[in-house]
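Undergrad:
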Amino acid sequence: MKIVLQNLTKIFPARDKKKGKETIAVNDFTFTIPDGKLVGLLGPSGCGKSTTLYMISGLQVPTGGKIFFGDDDVTKLTPENRGVGLVFQNYALYPHMTVKQNILFPLQNLRGPDKLKKKEMIERAYEAARLVQIDELMERKPSELSGGQQQRVAIARALVKMPKVLLLDEPLSNLDARLRLQTREEIKRIQKETGITTIFVTHDQEEAMSISDIIVVMKLGVVQQIGAPQNVYDDPTNLFVAKFLGTPPINVFNGRVEDGKLIIGDAAVLDVPGVDDRDVFVGIRPEGFIPSDEGAFECKLSSVEVMGRDVSVVCTNDASANPFVRAIVDADYKIDREAETVKFNLKPHKVLLFDSVTEERIRFEVN
Ligand code: ATP
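Residue numbers (my numbering): 1141 to 1507.
1) Under 7 angstroms between the Cβ atoms of G1188 and G1448?
2) Roughly how many whole angstroms lie between the Cα atoms of P1413 and A1268?
3) For the ligand ATP, is there any heavy atom lying closer than 6 angstroms to the beta carbon of F1152?
4) Considering only the alpha carbon of each residue, which of G1210, Q1370 and P1488 lies closest to Q1146?
5) For the beta strand (DSSP E) holding G1288, just list the boundary residues, first then last.
6) How would you call K1150, buried or exposed, if buried means at least 16 neighbouring beta carbons within 10 angstroms?
7) Mind reading off the beta-carbon distance from K1359 to G1183? Whole number of angstroms is fine, and I expect it under 8 angstroms.
8) So is the beta-carbon of H1343 under 6 angstroms away from any non-hydrogen atom of the ligand ATP?
9) Flag I1294 as yes when its Cβ comes closer than 6 angstroms to any non-hydrogen atom of the ligand ATP, and as no otherwise.
10) Compute the Euclidean distance between the alpha carbons of P1246 and K1177, then round it to the nearest angstrom.
11) How many Å lie between A1317 and E1347 at the Cα?
12) Write down every uninterrupted run of the alpha helix (DSSP H) in the segment 1158 to 1224 whose length is 4 residues or greater and which is fully enclosed by it, in chain order.
13) Take V1128 and list the residues in its own chain whose beta-carbon comes closer than 7 angstroms to its own, dropping the five residues that flank it on each side.
14) Can you list, in chain order, the stretches of the beta strand (DSSP E) that have 3 or more residues and sit fully within the segment 1332 to 1358?
15) Can you tell me where the alpha helix (DSSP H) with K1304 in it begins and where it stops?
16) For D1495, which of helix, strand or coil comes out of DSSP?
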């Protein structure tokens, strides 16, 4: 099911109209989510991710704009009439019911032409349980399950009504690190197997990047960038997006462009053809440094951390916006741990320039 968001806006009025200010939780969001894709809504706390999801689900009414499922305008439809499956962060299972009863519950509430025979309901419940691999736990109560298993029950309960759209709100945040990894792969598998258009909300960029077909990065209610995770990482539209994606995060420096050369501190570190003379923020991805005795970019060496295949070189530079600069280089490079400084050449496509006022991206030709 294709989903179209058209100028979607949500404004929460101030509680106290005299003193408080209204909150524009989502501001003019327009986007078409292609059928069968897994979309990650991503951004820091309060950026409007959940509000967007709730408007798509029907739990919240937009202040402005429209939502279409396929060609149907669903903006005014109730959640029950939209055919969406919802999974929340707290799994919200009924504790006194078994897994089977929990999964059956949404089917038992179907009325009219959608009403199912008992046998059909049981078949559907087992089919959903098999999909999330909990069909052997059907007689247990939620308290007898691990967090990951409980989350699977919640997903099965959302899938059992065969929704046209699956909406997941921070589905992994109650799980420990190992289970998060495993469960996010599960979500990807389930989404692929069912082909249901799925939107999930997370503040964890790594999670969003690892399983999404498309990510949407939001800030203060405004969409910053939409695209395939790798494209957004490689080609961010502004400094906010560049800083939000990537672990370790991008290194940021104060710099300037003079005569087509990028200057950091006193050193000309890279040719940046086509960029006018100006002050810039320079973002350098950790993987953008190549250690070299002839390198133009010099930093004070703080420490060298070996991480198996790679080495993390931690250093400082007066022009850096952060206390430390982190370079990730191949372990084949032998870094002298006793040296006071370390010099680098820079990979041009890993160096990103941003306007020093608007923080918008300034592109240059990479040879
Ligand atoms: P988080 O990751 O913390 O859940 P989020 O990106 O999902 O954040 P939202 O929950 O969508 O953000 O909230 C967006 C903005 O709208 C926030 O400033 C929030 O305080 C505000 N907001 C959300 N719900 C309401 C409400 N019911 N009444 C008033 N303001 C609200």
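For each residue, glycine too, the CB sits at the ideal point set by N, CA and C.
TA: Judging by the given coordinates:
1) Start at 1 with the first residue of the sequence shown, and residue 1188 comes out as number 48. Start at 1 with the first residue of the sequence shown, and residue 1448 comes out as number 308. Their beta carbons are not under 7 angstroms apart, which means G1188 does not touch G1448 by this criterion.
2) Reading the sequence shown from its first residue, position 273 is the one you call residue 1413. Reading the sequence shown from its first residue, position 128 is the one you call residue 1268. Computed Cα separation, rounded: 56 angstroms.
3) For the purposes of this step, residue 1152 is taken as the residue at position 12 of the sequence shown. It does: the Cβ of F1152 is within 6 angstroms (strictly closer) of some heavy atom of the ligand ATP.
4) Counting from one through the sequence shown, the residue named residue 1146 turns up at place 6. Checking every option, the nearest Cα to that of Q1146 belongs to G1210.
5) The residue given as residue 1288 occupies position 148 in the sequence shown. First-last for G1288: G1287 to L1299, but that is the alpha helix (DSSP H), not the beta strand (DSSP E).
6) What you label residue 1150 is simply residue 10 of the sequence shown in a count that begins at 1. Classification of K1150: buried, given that the 10 Å Cβ count is 16 or more.
7) For this step, residue 1359 is matched to residue 219 along the sequence shown. For this step, residue 1183 is matched to residue 43 along the sequence shown. The Cβ separation is near 6 angstroms, so the contact holds.
8) Start at 1 with the first residue of the sequence shown, and residue 1343 comes out as number 203. Yes, since a heavy atom of the ligand ATP falls inside the 6 angstroms radius drawn around the Cβ of H1343.
9) Numbered from its first residue, the sequence shown carries residue 1294 at position 154. The sequence as given places Ala at residue 1294; Ile does not occur at that position. No, the ligand ATP has no heavy atom inside 6 angstroms of this Cβ.
10) Residue 1246 sits at position 106 when you count from the first residue of the sequence shown. Residue 1177 sits at position 37 when you count from the first residue of the sequence shown. P1246 and K1177: Cα-Cα distance of roughly 25 angstroms.
11) Indexing the sequence shown from 1 puts residue 1317 at position 177. Indexing the sequence shown from 1 puts residue 1347 at position 207. In a straight line, the C-alpha of A1317 is about 11 angstroms away from that of E1347.
12) 1189 to 1197
13) Since the displayed the chain opens at 1141 and closes at 1507, residue 1128 lies outside it and no answer follows.
14) 1337 to 1342
15) The sequence position of residue 1304 within the sequence shown is 164, counting from 1. Unbroken run through K1304: none, as it is neither H nor E.
16) As a first step, residue 1495 must be located in the sequence shown, where it is residue number 355. Strand at D1495.
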